[in-house]
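Numbering (this note's numbering), first residue to last: 129 to 581. No residue lacks a Cβ here, since even glycine has one placed at the ideal position from N, Cα and C. Everything numeric in this text was worked out from a predicted model, so none of it was measured. Worksheet: one structure, shown below.
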Ligand SMILES: [Zn+2]
């Protein structure tokens, strides 16, 4: 067991508690972000739903939640998972998401500052702090995307945009350990510069309607006259029995504690990260299992749109300027200054283009091959964000890792006899968090296979 000195221990506990509070906020975001703007009535006042209106309340008796009943994890345990006023069960998702986020935050700190992942880059919080802050924000945003995609089969574009913005905001501070800074004259640097220029051209052309929009709203089956009503303002399902979840949570916490006694600090911090992710998934995924079949059917209908092949060809048109400008940039000298900040921005762009590009190619290839929409644009946006933070090659590892995790989940659903309708976003998000630690070891290992010494 590592000798955890007082300050390290304190910081770890502090970040764990911060994580629990962030998890509490994520519960609100996962439930409300897709419903923002929807009309609702609360205590006789009609208004539009936002992240903070109406205030937290019991969906049955409308009793407000007092501050001392709003403490992450503990309040749920003290109230034994029931509303204090009317005894309506409160979903165990809330404490599990809070606990999971807390563990993930603590795990990232332990991995970077105690266990020495990435060598001992981070011996002081002043040096490693910005990277830790970016990665905690990245992990929290990915958890929100995972939860929303599990519930609604969609990823609000705001989440990837915030992640990319955070990555760019981190450019002046510290060094993102995974993201190689790219020289503007290097091949990936030139591809990134040209690709970004081409992407801007495509976006402007799309805005001016000189490029056709793929799946314009009027051709979507969801817009047909017999379109189902928009989903209702419903809290996460509360289960009749909580003890299996509590038992699983307790075992996971015990195993995590045991890992710090038995295993080396790097492995133990990875175990802690995985434990946080598993707790989060236990809280979020059962909703998909129980989920209303209407939503699942609607998603299947959309995927089997008769025009899918024709529509996807329009996306190839959109990709034409970025690809051609990226290739053009290889032949002409880039006029960009060879400064560190420029190199980091190019690294972020290259990562984003790789991540988004891989999923987009799978989407286009799969749809042309099978005649049904293979992957959502939400997944493409999410992978742009993951690539921007994690880097180009790790982003490609994320896609394979996510496919493996999704396959495991498909087997679980099969065993449980549930319909095999699962969004890919949660698995991309989870793999995107895992890659923060295992990305470089995987790439080193794979590199040593390809180029043995
Ligand atoms: Zn109540």
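What do you get for residue i, buried or exposed, if any count of 16 or more other CB atoms within 10 angstroms of its CB means buried?
i	result
residue 573	exposed
residue 392	exposed
residue 458	exposed
residue 498	exposed
residue 403	buried
residue 70	The shown model of the chain, from 129 to 581, leaves out residue 70, and the question about it has no answer.
residue 357	Low local confidence applies: a pLDDT of 49 at residue 357 is under 50, so the model's placement there is unreliable, with the coordinate-based value given in what follows. Looking at its Cβ environment, which holds fewer than 16 other Cβ atoms inside 10 Å, residue 357 is exposed.
residue 379	exposed
residue 429	exposed
residue 240	buried
residue 443	buried
residue 352	Because the pLDDT at residue 352 is just 45, under 50, the model does not fix this residue reliably, and the value given afterwards should be weighed accordingly. Exposed is the call here.
residue 523	buried
residue 173	exposed
residue 309	buried
residue 169	exposed
residue 175	exposed
residue 472	buried
residue 543	exposed
residue 489	exposed
residue 301	exposed
residue 412	buried
residue 521	buried
residue 254	exposed
Is the Cβ-Cβ distance between residue i and residue j less than 8 Å?
i	j	result
residue 320	residue 481	yes
residue 96	residue 226	Nothing about residue 96 can be read from this structure; the chain reaches only from 129 to 581.
residue 230	residue 145	yes
residue 162	residue 284	yes
residue 405	residue 558	yes
residue 397	residue 297	no
residue 491	residue 508	yes
residue 154	residue 268	yes
residue 236	residue 263	yes
residue 160	residue 190	no
residue 525	residue 578	no
residue 209	residue 407	no
residue 496	residue 437	yes
residue 219	residue 364	yes
residue 556	residue 538	no
residue 536	residue 373	no
residue 550	residue 562	no
If you draw a straight line from the alpha carbon of residue i to that of residue j, how long is it in whole angstroms?
i	j	result
residue 348	residue 291	No answer about residue 348 holds up, because its pLDDT of 48 lies below 50 and its placement is not dependable.
residue 575	residue 567	12 Å
residue 449	residue 325	8 Å
residue 477	residue 207	47 Å
residue 136	residue 293	30 Å
residue 468	residue 434	49 Å
residue 377	residue 389	19 Å
residue 565	residue 245	7 Å
residue 156	residue 195	15 Å
residue 340	residue 460	30 Å
residue 327	residue 342	16 Å
residue 107	residue 204	Within the shown structure, residues of the chain are numbered from 129 to 581, placing residue 107 beyond reach of any answer.
residue 453	residue 485	15 Å
residue 138	residue 274	30 Å
residue 410	residue 179	24 Å
residue 167	residue 177	6 Å
residue 215	residue 198	16 Å
residue 142	residue 232	13 Å
residue 335	residue 384	50 Å
residue 554	residue 271	8 Å
residue 261	residue 148	15 Å
residue 516	residue 483	8 Å
residue 427	residue 281	7 Å
residue 580	residue 534	31 Å
residue 466	residue 295	20 Å
residue 493	residue 528	16 Å
residue 258	residue 251	13 Å
residue 222	residue 202	11 Å
residue 158	residue 200	16 Å
residue 130	residue 569	Interpretation of residue 130 is limited by its pLDDT of 47, a score under 50 that renders its predicted location unreliable; the figure taken from the coordinates is listed afterwards. Taking the straight line joining both Cα atoms gives about 22 Å.
For my contact list, residue i and residue j are in at a C-beta cut-off of 8 Å; report their separation, rounded to the angstrom.
i	j	result
residue 560	residue 514	4 Å
residue 518	residue 479	6 Å
residue 182	residue 366	So it is not a contact: roughly 19 Å between Cβ atoms.
residue 552	residue 503	6 Å
residue 322	residue 456	6 Å
residue 234	residue 400	7 Å
Q | Inside the region 183-236 only - alpha helix (DSSP H) runs reaching at least 4 residues | A | Correct list: 202-206.
**Q.** Sequence ranges, alpha helix (DSSP H) only - wholly within the region 369-437, length at least 4
**A.** Within the region 369-437, the complete alpha helix (DSSP H) runs of at least 4 residues are 371-390, 393-412, 414-418 and 421-431.
Q: Ignoring anything shorter than 4 residues or poking outside the region 510-566, list the alpha helix (DSSP H) runs there in chain order.
A: Complete alpha helix (DSSP H) runs here, min 4: 520-544.
(Q) Please give me, in chain order, every unbroken run of the alpha helix (DSSP H) with length at least 4 that falls completely inside the region 278-339. (A) Listed in chain order, they are 286-297 and 315-335.
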